Amino acid sequence: MNRDAASPPPAQLGPARAAPPPPSPAEGGGISGTTSRRAALRHLTEALQAAGIDNPAGEARFLLLDLLGLQSFDLVGGGGEAIGPDGAARLAAALDRRRAGEPVARILGAWEFWGLPFRLSPETLVPRPDTETLVEAALRLVPDRAAPIRILDLGTGSGCILVALLSERPAAFGVGLDRSEGALRTARENAWRNGVGARAAFLAGDWCDAVSGPPFDLVVSNPPYIASGVIPGLAREVRAHDPAAALDGGADGLDAYRRILAGLGPHLAPGAPVLFEIGFDQAPALRRLGPEAGFTVREVRRDLAGHERVTILVQDGEPSGAAVHSGENGKMLVEFRDRR
1 MNRDAASPPP
11 AQLGPARAAP
21 PPPSPAEGGG
31 ISGTTSRRAA
41 LRHLTEALQA
51 AGIDNPAGEA
61 RFLLLDLLGL
71 QSFDLVGGGG
81 EAIGPDGAAR
91 LAAALDRRRA
101 GEPVARILGA
111 WEFWGLPFRL
121 SPETLVPRPD
131 TETLVEAALR
141 LVPDRAAPIR
151 ILDLGTGSGC
161 ILVALLSERP
171 AAFGVGLDRS
181 EGALRTAREN
191 AWRNGVGARA
201 AFLAGDWCDA
211 VSGPPFDLVV
221 SNPPYIASGV
231 IPGLAREVRA
241 HDPAAALDGG
251 ADGLDAYRRI
261 LAGLGPHLAP
271 GAPVLFEIGF
281 DQAPALRRLG
291 PEAGFTVREV
301 RRDLAGHERV
311 TILVQDGEPS
321 GAAVHSGENG
331 KMLVEFRDRR
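Residue numbers (UniProt numbering): 1 to 340.
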């Protein structure tokens, strides 16, 4: 974030002259140190709308509150207070970046997921609401909050999935794995910031290659699943600002699934479910790839838009350490037994 102070006003030389018309909000004008919080929000909204940004009011509010360190109630009770020169400089810089196509989450360097705050870095994806479908599905499989389970998160990125799960299952321990050291640093920071750092470990490695130790009761992954040829046509905000390594799933978008399924078996507790986030049209491919690697797709869950978003697989064979069965409404449940 650019937090440089605003430039000082020019000195008055000679008699006052008629000032040129101020730039419109679409040109970045209309905000100065004396601008009130309420007026600044209006100017930001108008500027973003003029730039063709979707949800300009919502984005303007995100920027104003975060960059000025405010809460929503500050706009109600203190909406008339001036933002100050430093605040004006921050908002002007953020507006320039947003109009250039940089997403709000990248400008702020943080985003919310599962009601928790997450720092971002150039090596991590911005957490998406669709991914909360995976978290919800995993939690439904483990309804016992006190279950002392071991969770593996492959391609952890910002750590949002693992941290969300650990926040909901206080007796669980999790391992997040990623190839990017930068992503691992970010994930580790997010785990500690959200109070689960003592129950999380983060390892560098290529999918299952770095996995060791006792078997895992639950595996989650949001791997790269976009076909290489599709990436040039993605929205500018994604194509230019999300890390390519976290998007590119190879020629058919399925490379990561193949790698994971090929190496995961020895690291699973009996009956442990494996949950993948998938592209909206990839469920049939996972139903084919699973059996080829010794897994069966037990369930596919849809996101809020109705798209198939999460596949739940179980390794073939009779489970002995966990009982996979149907609960209410035919949904899968996993009953973990103490293996000590």
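Glycine included, each C-beta is placed from N, C-alpha and C at the ideal position.
None of these values were measured; they are calculated from a predicted model.
Item                                                                                                                                                                           : Value
Mind reading off the beta-carbon distance from Ser158 to Phe118? Whole number of angstroms is fine, and I expect it under 8 Å.                                                 : 5 Å
Taking contact to mean 3 or more Cβ pairs, one atom from each stretch, closer than 8 Å, check whether the stretch 185 to 196 and the stretch 157 to 173 are in contact.        : yes
Any idea what DSSP makes of Phe216, helix, strand or coil?                                                                                                                     : strand
Looking at the structure shown, is Pro148 part of a helix, part of a strand, or coil, going by DSSP?                                                                           : coil
Start and end of the beta strand (DSSP E) containing Asp178?                                                                                                                   : Phe173 to Asp178
Could you tell me which whole beta strand (DSSP E) segments of length 3 or greater appear in the stretch 267 to 298?                                                           : 273 to 277
Closer than 7 Å by C-beta to Gly101: which residues in its own chain qualify, once you throw out the five before and the five after it? Chain order, please.                   : Arg236, Glu237 and Ala240
Answer yes if the stretch 105 to 116 comes into contact with the stretch 225 to 233, meaning at least three C-beta pairs across the two stretches below 8 Å, and no otherwise. : no
Report the rounded CA-to-CA distance for Asp74 versus Pro215, giving the unit in angstroms.                                                                                    : 49 Å
Here's the rule: buried if 16 or more other CB atoms are within 10 angstroms of the residue's CB, otherwise exposed. What is Gly115?                                           : exposed
Look at the alpha carbon of Leu68 and the alpha carbon of Gln49, and state the distance between them as a whole number of angstroms.                                           : 21 Å
What is the residue span of the beta strand (DSSP E) that Trp111 lies within?                                                                                                  : Ala110 to Phe113
Rounded to the nearest angstrom, what separates Ala269 and Asp217 at their Cα positions?                                                                                       : 5 Å
If we count Cβ pairs, one from each stretch, closer than 8 Å, do we get three or more for the stretch 197 to 204 versus the stretch 244 to 262?                                : no
Going by C-alpha distance, which of Ala191, Gly249, Arg38 and Leu261 is nearest Leu313?                                                                                        : Leu261
Just to confirm before moving on: does the CB-CB distance between Val310 and Phe276 stay below 8 Å?                                                                            : yes
Let me make sure I understand the geometry here. Which of Leu152, Pro170 and Leu125 has the alpha-carbon closest to that of Glu146?                                            : Residue identity check: residue 146 is Ala in the sequence provided, not Glu. Among Leu152, Pro170 and Leu125, the Cα nearest to that of Ala146 belongs to Pro170.
Could you check which residue in Gly176, Gly80, Glu168 and Thr124 has the C-alpha nearest to that of residue 381?                                                              : Only positions 1 to 340 of the chain appear in the structure, and residue 381 is not among them; the question remains open.
Kindly identify the DSSP beta-bridge partner or partners of residue 387.                                                                                                       : Any question about residue 387 goes unanswered here, given that the chain covers just 1 to 340.
Look at the Cβ atom of Ala92, then the Cβ atom of Ile53, and state whether they are nearer than 8 Å.                                                                           : no
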